[in-house]
Structure formats: C-alpha cells, structure tokens
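Everything below concerns the one structure shown next.
Protein chains: 2
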Amino acid sequence: MNPEILLALENIVGSAYIFTDEATRKTYGHDETEDLSFPPHVVVKPANTEEVAQILRVSNTYKIPTTPIGARTGLSGGALSIYGGIGISMERFNQIIEIDEQNLQVTTQPGVITQVLREAVAEKGLFYPVDPSSMGSCFIGGNIAENSGGARALKYGVTKDYVLNLEVVLPTGDIIWTGANTLKNSTGYNLTQLMVGSEGTLGIVTKIVLKLLPQNKHNVLLLVPFYKAEQACEAVSAIFRAGIIPSALEFMERDAIDWTLKFVDGLNVEVKDNVQAHLLIEVDGNYPEILMQEAEQILAVVEQFEIDEVLFADTEEQKNALWKMRRSLAEAVKANSIYKEEDTVVPRYELPKLLKGIKEIGSKYGFQSVCYGHAGDGNLHVNIIKGNMTDDNWKTEVPKGIREIFELTVGLKGTLSGEHGIGLVQKNYMDIAFSKVHLELMERIKAIFDPNNVLNPGKIFPDGND
Amino acid sequence: MNPEILLALENIVGSAYIFTDEATRKTYGHDETEDLSFPPHVVVKPANTEEVAQILRVSNTYKIPTTPIGARTGLSGGALSIYGGIGISMERFNQIIEIDEQNLQVTTQPGVITQVLREAVAEKGLFYPVDPSSMGSCFIGGNIAENSGGARALKYGVTKDYVLNLEVVLPTGDIIWTGANTLKNSTGYNLTQLMVGSEGTLGIVTKIVLKLLPQNKHNVLLLVPFYKAEQACEAVSAIFRAGIIPSALEFMERDAIDWTLKFVDGLNVEVKDNVQAHLLIEVDGNYPEILMQEAEQILAVVEQFEIDEVLFADTEEQKNALWKMRRSLAEAVKANSIYKEEDTVVPRYELPKLLKGIKEIGSKYGFQSVCYGHAGDGNLHVNIIKGNMTDDNWKTEVPKGIREIFELTVGLKGTLSGEHGIGLVQKNYMDIAFSKVHLELMERIKAIFDPNNVLNPGKIFPDGND
C-alpha cells in the first residue's frame, strides 16, 4: 500500500493503532465462515466517530476498498477484506454510553460484546432479548450489520426490532443520525431499517440506540425427544396454533446432538437410540404458575406426536447445560468435518417440507447434512458435511445442491438468509430470491450511499453486479 | 388533460372506472387534513396489480403527477393530488386474499378497511394489533404508507412491525415483492421497511403479507383522573419502570374530553371540575387473575400522584364507551374550531417537558392547544385551535409556533411525526429533524425509484427540494 496513504491513516488514528504486520493482517482477515482468509493490507483501529469519518475520506480520495470489522464471528464472510485495502476494526468502540432507565433505552458503541450489553442492562432490571448463539463474543455492531436473530426471536423479534436510532458514518465520510429515539416514527424514509442488515455496505455504525424491555423474572425449559425429525418440525407450528408463544423453540437433529455430547464435557444429557430430533422449548414471563400452565399446554400438543420422555429442566444448572448444548452445536459440527452452513428460513409451517427436501437434495448430490436452528421462526441452519466426499464433488456438486436448497426455500415463500446475512458466500445465489429489477434497485441504493464503491465492496451482490 | 392520455387510461381500467367529473374529482381531492382540497384531473380505479403497473407506465410516458389514494383518512395530506394529474383510487383492492392459520399470517389487498381485517382474523382466533383511531374507515394500505400506529403500539408495535412482505408496483411500472414471508430475513437491503412509511412516494403497494399473533382473551381498562396534566405525563413512564407494559396508555387533556362529551351522546363519563387530564390504561392477556394483579400494580403507581377516583371499567359496555370517547376526540376537536394537528413524538419520559413547552410556546404566539395521544409511546397529538385568533395571526404566528414545537421535540430526541406522516403539511419543517446531507440522501433514494418524479410528487421533501 502507498506510503502516502499509510501516513494519512497514521495521522488519523496515531501510530499505536495502525498495523501492517502479517500476523495482525491475518487475524483480521478471517471470521467464522468456513476456512476463508482475506486479510486487509492495513488494519486501523479508530477511537471515535470523527476518526472513522476521516478514514473514509481517505478511502474515497485514494479509492481504496475499506471493510468494517467487528468481532469476526460472522458466518457469511461479511467482514472479510476480499480486495485487501483498509480494514477498520471497531474494537475500541467498546463503551456502553448510557442505560436510560426512564425511557427503557440503551445507547451504546458498536464494539460492545452483545452479552456484556445484555448483562449490563439486566443489572438495572432491563432486558435486551436478542441472543445470537455467538453472543458471548460477537459485537452489537455486527448484530446491526447482519440483523442478527437468535433463539428468542420467535417471541421477541430480531435486532431490527430493537434499533431506534443509529449514528452512521456514510461511505463519503458524512455523519448522520438515521432516526429519533422514539418508539414511533413516520418522518421521512426509514434509513434506520435500511442500515440494519446492510452488512456494512452502506455506512459504518458508530452509536446505537436500542429499545429495552422490563426483565422477565421466570422461565421454564423443556427438552422433547421425537422419534421422527419431520414430526418435530410439525409440532413447531402446532404449538403456536394452540395460542402459545414460547420464548424459544429450537430444533436439533440427532447427529448434531451426538457430536455435541462428544465435543462438550459434562453435559449429562442422555439420548435414546431411536430418537431422531429434539425440540428445546422455553416459555418465560413474570408468573411461575402461568408458565407451568403453558408448559402443560405445550406437553398436550407434543404428546400428539411420537415422542420419548420429556425432560423438564427445573434447576438453573440443568437449564444452563441444555442451552450450552444448543449453543455448542455449531462448533461441534465444525470440529467434526469441513462443512458449509446455509441459513435457510421459511414460514414455520413449511419446516417439515424444507427438512424433507434438504435430505432429498443431499441424496441427489451425495452429501450428508446436519440441521438445527430456530424452528420457532422457521430458521433452519443446514450444515453440509464434507465427510469423505471427494474434493471434486465438494467443489462442483455441493454448490448445485445449495442452489436447489435455496430454490426450495424461496418456493416455500422463504429466503436465503434468516440471520447470517449474504456477505460473500451466498451472494451468487441472490438471483434466486430477487429479480434483475430488484437487484438493480438495491445496487443503485448502494451507489447513492457509496459513489466510489469503497465500503465493503464485493458483498451481497452477485459477481459481475458489484 | 390530454384526450390521448385519458384514452390510454380508459383502455387500462375500462370506461366504468375512469372519472373526470367535478364531484368525483373533488371527493378524491381531500382527506382528513384540515380543510385542504387538491383534486386530481382524473380519477382511475384499477382492479389489479397489472392495471396499476400500466397506469404508471402511462404516467412515465407523459410525465404526469400520479397520486395513490386510499380511504382519505390521512392527517398530513399525503394522498392529495397537489399538482393534479392522475389520482389512483385503491378502493377496488378490497379482498383479504388468505388468512394463513398455520403460519399466523394474513395476505391482503391494500384497500381492505383495517377494522374489517382485524375482525376477519379475530374470527380465526388471531390478532392484528395495530389500531389507528381511524381503523373503522382507513385502509390497511394507507397504514403501510404512513406507518400507522394507534393505541396498542406501546405493547405491540406499529404497522412496520407486522409487515413481512409487500408486492409493490414501482413508479416505473415494474413489479417486485420486497421480501419474504418470514419472521427473520437478512437477505439484501430491507426494501420492505423502506417502503413502509414512504407515503406512497416510492411505489404503490398492491399486496401485503402481515404477521399475526394469537388473540389475547382478556383485558382490564382503567380511567385515571389527574389534578395536574404534567403529573399524568409523569405517571406514564413510572408505570413502565414498575415493570408493566400496558396494552394501551392514552393521555387526554381536560378540554378534549369536555368537547367530546358534548359532541358524542350518551358516553356517561363524569369529569370533576379540578381534573386537568386523564390517563386511559389497558392491560391485556390470557389470565384474568394476572391482569387484576397488574391493574393493582398500576394503581399503586398512579396513587403516588395527585389523582381523583379511578374508574375500573368491567363491562364491555363501559369499555366501549371509554374507547369511543378516546376515538372521538379528534372529530370533537375538529367540530369545535378550525385547527391544525401536529403529531409530535418523544421518548416517553420527556412527555412532561414536551407538554409544558407546548403550552409556553402557545402563550408566546397566542394560541390555545388541546393535547391528547398515545402517551405510552411518547406520541402526543397537539391540536392548535384557531378559536378567535385573527386570520393574520393564524397564518403568520402559528407556523412560527409549530416550528418551535418541532424544535422542542427534536431537542428532546424525538421527531416531527409519530404516526401521521409528513405528507404535505409538515414537509417544510423537515430541516429541523434532518441535515442537508440526510435529506439529499432521501431525495436521491426517491430519484432512484422514481426517475421522472411522477409518483406522489410534492410530499415529504421541503419546497424547493422536490
């Protein structure tokens, strides 16, 4: 990289916060997406909004690809510097600015770890419900970029449902607040929601105002083993139709659990031989007696299917073990084999059709898949396992299978990604979900925000379109 | 209007659905915004998406201003044909297409009356919570255009929180579905949310997929009279801080209630002399015993303020009377005097400061105001009463006062409109909420969607900017 540019960047962030050594570049060149590595040429760590704005002005002056980088827990390669250039690490934006107990809001910088934020507001009796599986390490800013969901989305919604207002540095270096700190807003176009889920391509978020709820005091957790995986999927919509909105409703295929029990010590969960899948079901609220009633209603629903004995987790220890198992699935699968993860989402009643279709497509193209996910909102993570597939088949057959899986999801009125984003790895499937007119509209929006295409180029839009 | 254009339109919709007579034009030239009248040159009533697309192609060919028109209940003049041209009435889009009980969704055309939709899904045990005061006559499509709220938004959210997917005819005549029928979606830019609240300037919505909830079975309604209006505002955030989320929390100033009791017969509500304001508070849920507990917690909170005797409405008749009173306030105020209504919104704890500021600004510029609204979400409707003000002062002083009111709301981290939209009457205050860069960004988005500026021109953006 041109020394003039490096000097300009150093003048902005100071010499302690600019890195060109290989180790640092490599660290900031990967996330949790497969085994991809795309290091930036230089890593900068700005301290405040104005520094981010100055960096983006440099990016525009020299037309350099510039990628915002969070905690690198992403699953679609959204934060990878695929054309090198400048990587802007947001890690120094790690302060919670204000917990507003009067208005039930929190104002935070984007580099705060989601769980840290959740715990800080919980100490004040407040609740930030969005809990992606990576919440122990991901940044809240990354959650905004990808519109992250998690296990509680079926009752509480996803990231977008909590974002009131954003301070954003536009790719040109201009700074705006997208909205207002209000629950209602009908004032101009909703740039707040345009920014959420735009995967760091329309601006860099530097402050975030989130809505909070009062903390719920109690919950009940059930683990229901099903003899047939498709019946587990069928039970999902049956529970909602009974008038209950659980706070979590997770689906886990047998293999995922088996691998996790081997991968994580001391989980102490027993799975019988003929069980194909589990549902992990939580209800929450302020009144324990009501939760017990709801748990019984849920039992009455699931007992209409072929199930094994239901586990009621009544101690915190048991609950934590079950959640730890659920949250470890991805890592366990990853440890087991090379894999690709697809983040399919459909209306929840279509889940059995989706699961059945995925298995058929796998048979057709010769791959095994392990599925788990947030079944309550129709969000199924499909892990395609390399296992002992040949490298050739992995490269040629699997993409065809993935394309068919996405065609299936879209045919079921679903879409490509529920909560991981499109990023790098799904971008060439976008034509399945969107017409040419629609994609061009989105690309023209990108061009308005980022006339020189400096901010996170090469993401979201299919090759040849970015 | 050029006969060639009229013929082209007639060929699209058929001679029975095109109108150029003065009476029809006049009817479609006003809504509920003050006494404004801006008739289109021609009214067309298309029957389906393809006809809307064809009309917009004509609009582009001849560069004719074209305004989508719903039920004309709007309060910001958003559906007025301020440059004449083509008025597209959406009234024939009046079918509910499918109530999907498996996925808790409804697909509807935009010309369905909101209350009709609510009742149709309620018959299946489902709940569409958004209830603007005009729900007995407004269209669900208009609710999308303005991102309508209503009394239940504090617990259940506003229109945008229920919209999953939209079929939209773009101003160019292209047709897209904006998203997918899923609860989670991280697939490309969120054009669904860009469309919601864009006031018919970015496209014409022709099909709508909404999320539904299971119907709540019970509710409790309280009417709390306060001796001091500002204390009523203070009580609002105190209730939330006690950990309760009411399903409605409405603020009504004394004058509004007095005028309504005169305007509507048989309401049978008694108001003592020294009461300045009321809160109407509802909690809902499935368990009556829990609701009674919550009502008692609310009582404990409001009793910390100077209040008169609280009315518990236990019969359906009493509840309906109280809601009828609340929903009649706007009409009663309107019947009383020429007025202007502003739709201010702030974080809810700032309400007392907002109310106090509005009264001070009124004194300064010589106008009386009557305030009521959805206090639970900080949304206060400010009715500025002409009364015996001179026409001169009405024209010159009131706009200055309104500007100060909006400066106050923005200073309190609120904004111009909570649920009515900017439309025509608020557009020249947009500079208070948005920087030049921000407004230009929105205008450039408009230009991408609508390169010839044919669709609903003259709305949202300040004069000189559209």
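Respectively, the protein sequence lines represent chains F and V.
Everything in the first sequence is counted per the UniProt record's numbering, starting at 1 for the first residue and increasing by one.
Everything in the second sequence is counted per the UniProt record's numbering, starting at 1 for the first residue and increasing by one.
Beta carbons: idealized from backbone N, C-alpha and C, even for Gly.
Considering Cα atoms alone, identify which of N60/V, E123/V, G197/V, Q105/V is closest to T159/V. What you label residue 159/V is simply residue 159 of the second sequence in a count that begins at 1. Closest option to T159/V, Cα to Cα, is G197/V.
How far does the alpha helix (DSSP H) with I290/V in it reach, from first residue to last? The residue given as residue 290/V occupies position 290 in the second sequence. Annotation for I290/V: the continuous alpha helix (DSSP H) segment containing it runs 288 to 302.
Along chain F, in chain order, which residues have C-beta atoms closer than 7 Å to that of V346/V? By 1-based counting over the second sequence, the position of residue 346/V is 346. In chain order: T182.
Burial state of P288/F (16 or more Cβ within 10 Å): The residue given as residue 288/F occupies position 288 in the first sequence. Exposed is the label assigned to P288/F, since fewer than 16 other Cβ atoms lie within 10 Å of its Cβ.
Just verifying my parser: in three-state terms, what is the DSSP assignment at N165/V? On the second sequence, residue 165/V is found 165 positions in, with the first residue counted as 1. Reduced to three states, the DSSP call for N165/V is strand.
Identify, in the order they occur along the chain, each residue of the same chain with its Cβ nearer than 7 Å to the Cβ of N190/F, setting aside the five sequence neighbours on each side. In the first sequence, residue 190/F corresponds to position 190, counting from 1. Apart from the 5 residues on each side of it in sequence, N190/F has no Cβ closer than 7 Å to any other Cβ in its chain.
Measure from the C-beta of P214/F to each C-beta in chain V and report whether the shortest distance is under 8 Å. Taking the first residue of the first sequence as position 1, residue 214/F is located at position 214. With 8 Å as the cut-off, P214/F counts as an interface residue toward chain V.
Counting only runs that start and end within the region 382 to 421 of chain F, where is the alpha helix (DSSP H) found for 4 or more residues in a row? Qualifying alpha helix (DSSP H) stretches, in chain order: 391 to 411.
What separation, rounded to the nearest whole angstrom, lies between the Cα atoms of N2/V and S59/V? Position 2 of the second sequence, counted from the start, is the residue given in the question as residue 2/V. Position 59 of the second sequence, counted from the start, is the residue given in the question as residue 59/V. About 12 Å.
Just how far apart, CA to CA, sit residue 542/V and K364/V? There is no way to answer for residue 542/V, as the model of chain V reaches only from 1 to 466.
Helix, strand or coil for A79/F? Go by DSSP, reduced to three states. Along the first sequence, one-based indexing puts residue 79/F at 79. A79/F falls in the coil class under three-state DSSP.
Check whether the region 40 to 56 of chain V and the region 23 to 31 of chain V are in contact - that is, three or more C-beta pairs closer than 8 Å. Taking a contact to require three or more Cβ pairs closer than 8 Å, the region 40 to 56 of chain V and the region 23 to 31 of chain V qualify as touching.
Report yes or no: is there a C-beta of chain V within less than 8 Å of the C-beta of E101/F? Working through the first sequence from its first residue, we reach residue 101/F at position 101. Answer yes: the Cβ-Cβ gap between E101/F and chain V drops below 8 Å somewhere.
Backbone secondary structure at K26/F - three-state DSSP: For the purposes of this step, residue 26/F is taken as residue 26 along the first sequence, with counting starting at 1. DSSP places K26/F within a helical segment (H, G or I) once states are collapsed to three.
Secondary structure of A145/F, DSSP reduced to three states: What you label residue 145/F is simply residue 145 of the first sequence in a count that begins at 1. In the structure shown, A145/F falls within a helical segment according to DSSP collapsed to helix, strand and coil.
Can you tell me where the beta strand (DSSP E) with T49/F in it begins and where it stops? If you number the first sequence from 1, residue 49/F lands on position 49. Not the beta strand (DSSP E): T49/F falls in the alpha helix (DSSP H), residues 49 to 62.
Sequence-distant residues of the same chain with beta carbon closer than 7 Å to D466/F, five excluded per side: Indexing the first sequence from 1 puts residue 466/F at position 466. Below a pLDDT of 50, predicted positions are generally treated as unreliable, and D466/F, at 47, falls in that range; the measurement from the model is reported next regardless. For D466/F, same chain residues with a beta-carbon under 7 Å away, outside a window of 5 residues either side, are P457, G458 in chain order.
The region 263 to 283 of chain F in contact with the region 198 to 209 of chain F per 3-pair CB rule at 8 Å: As far as the Cβ criterion goes, the region 263 to 283 of chain F does not touch the region 198 to 209 of chain F, which means the pair count is below three.
Quick check: the Cα distance between Q115/V and Q193/V, rounded to an integer number of angstroms? Here residue 115/V corresponds to residue number 115 of the second sequence, with the count starting at 1. Here residue 193/V corresponds to residue number 193 of the second sequence, with the count starting at 1. Just so you know, the alpha carbons of Q115/V and Q193/V end up roughly 23 Å apart.
Looking at the structure shown, is D31/V part of a helix, part of a strand, or coil, going by DSSP? Numbered from 1 along the second sequence, position 31 holds the residue referred to as residue 31/V. Coil, per DSSP.
Let me check understanding here. Comparing Cα to Cα, which of M389/V, T182/V, P352/V lies closest to L164/V? Within the second sequence, numbered from 1, the residue matching residue 164/V stands at position 164. Of the candidates M389/V, T182/V, P352/V, the residue whose Cα lies closest to the Cα of L164/V is T182/V.
Can you list the beta strand (DSSP E) stretches of 3 or more residues lying completely in the region 157 to 206 of chain F, in chain order? Listed in chain order, the complete beta strand (DSSP E) runs (minimum 3 residues) inside the region 157 to 206 of chain F are 163 to 169, 175 to 177.
Taking 8 Å as the CB-CB cut-off, is E419/V touching chain F? Reading the second sequence from its first residue, position 419 is the one you call residue 419/V. By this cut-off, E419/V is an interface position.
Where the beta strand (DSSP E) containing P68/V begins and where it ends: Sequence index remark: in the second sequence, residue 68/V carries index 68 (1-based). Element bounds for P68/V: 66 to 69.
Under 8 Å between the Cβ atoms of A229/F and E253/F? Along the first sequence, read from residue 1 onward, the residue named residue 229/F stands at position 229. Along the first sequence, read from residue 1 onward, the residue named residue 253/F stands at position 253. Yes.
If you check the beta carbons only, do G173/V and G74/V fall under 8 Å apart? Taking the second sequence and counting its residues from 1, the one referred to as residue 173/V is at position 173. Taking the second sequence and counting its residues from 1, the one referred to as residue 74/V is at position 74. Cβ atoms of G173/V and G74/V: not closer than 8 Å.
DSSP three-state assignment for H41/F, whether helix, strand or coil: Mapped onto the first sequence, residue 41/F falls at position 41. The three-state secondary structure of H41/F, taken from DSSP, is coil.
Identify whether G14/F lies in helix, strand or coil by the three-state DSSP scheme. Taking the first sequence and counting its residues from 1, the one referred to as residue 14/F is at position 14. If DSSP states are grouped into helix, strand and coil, G14/F belongs with coil.
Whose C-alpha, out of N219/V, K359/V, L267/V, is nearest the C-alpha of R326/V? The residue given as residue 326/V occupies position 326 in the second sequence. Comparing Cα-Cα distances from R326/V to each of N219/V, K359/V, L267/V, the minimum goes to L267/V.
Tell me, please, whether the CB atom of A151/V is closer than 8 Å to any CB atom in chain F? The residue labelled residue 151/V in the question sits at position 151 within the second sequence. Taking Cβ atoms only, chain F never reaches closer than 8 Å to A151/V, which makes this a no.
If you check the beta carbons only, do W259/V and V333/V fall under 8 Å apart? Residue mapping note: residue 259/V aligns to position 259 of the second sequence, counting from 1. Residue mapping note: residue 333/V aligns to position 333 of the second sequence, counting from 1. Less than 8 Å separates the beta-carbon of W259/V from that of V333/V.
Alpha carbon to alpha carbon, how far is L223/F from I298/F? Within the first sequence, the letter at position 223 stands for residue 223/F. Within the first sequence, the letter at position 298 stands for residue 298/F. If you take the alpha carbons of L223/F and I298/F, they lie about 11 Å apart.
Tell me which residues share the same chain as E306/F and place their Cβ nearer than 8 Å to its Cβ, disregarding the 5 neighbours each side in the sequence. Position 306 of the first sequence, counted from the first residue, corresponds to residue 306/F. The residues are F226, Y227, K228, Q231.
So with Cβ pairs under 8 Å, would you call S134/F a contact of chain V? Taking the first residue of the first sequence as position 1, residue 134/F is located at position 134. No, no contact with chain V.
Entirely within the region 71 to 124 of chain F and at least 3 residues each: give me those beta strand (DSSP E) ranges in chain order. 86 to 89, 96 to 100, 105 to 108, all fully within the region 71 to 124 of chain F.
Looking at C-beta atoms only, is the number of pairs between the region 421 to 431 of chain V and the region 70 to 88 of chain V that lie closer than 8 Å three or more? Put simply, the region 421 to 431 of chain V touches the region 70 to 88 of chain V. At least three CB pairs are less than 8 Å apart.
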